[in-house]
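Position 49 (the sequence shown) corresponds to 252 in this note's numbering; numbering is contiguous. No residue lacks a Cβ here, since even glycine has one placed at the ideal position from N, Cα and C. Bear in mind the structure is a predicted one, so any value in this text is a computation, not a measurement.
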Amino acid sequence: MKSVEAAASAVKTINPDNSISLANLPPSAKGAYPISTYTYVIVPLKSSKAQALQEFINYAIGPGQEDGEALDFAPLPAQVTAADKKAIAKIGS
Numbered sequence: 204m205k206s207v208e209a210a211a212s213a214v215k216t217i218n219p220d221n222s223i224s225l226a227n228l229p230p231s232a233k234g235a236y237p238i239s240t241y242t243y244v245i246v247p248l249k250s251s252k253a254q255a256l257q258e259f260i261n262y263a264i265g266p267g268q269e270d271g272e273a274l275d276f277a278p279l280p281a282q283v284t285a286a287d288k289k290a291i292a293k294i295g296s
């Protein structure tokens with residue numbers, strides 16, 4: 204878990220489409236596991252269930268993170284959560 208957290212924390216750039224690469228991490232990412240990735244949520248921007256989608260995803264990236272360790276998921280770094288919130292705000296727009 205710590206090595207995946209180290210890989211995730213080494214990411215400084217999030218692409219405009221919210222894709223993030225954990226490949227070719229810098230040497231400064233000590234102990235980072237080189238084969239890591241994120242789990243993505245793909246949803247339509249326009250939906251009659253936009254509010255429910257926003258609430259669920261906000262829960263998943265917020266309070267839902269507390270359950271991640273028991274499921275072998277590393278917590279999301281702050282820069283990823285910030286990008287997530289911007290993308291979530293676009294749902295229903």
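With a beta-carbon spacing of about 5 Å, Q257 and I294 fall inside the 8 Å limit used to define contacts.
Y262: member of the alpha helix (DSSP H) spanning 253-264, first to last residue.
If you draw a straight line from the Cα of F276 to the Cα of A286, it comes to about 19 Å. In terms of Cβ geometry, S231 and A211 do not form a close pair [threshold 8 Å].
When secondary structure is reduced to three states using DSSP, L274 falls in the helix class. Of the candidates V214, P266, A209, F259, the residue whose Cα lies closest to the Cα of A292 is F259.
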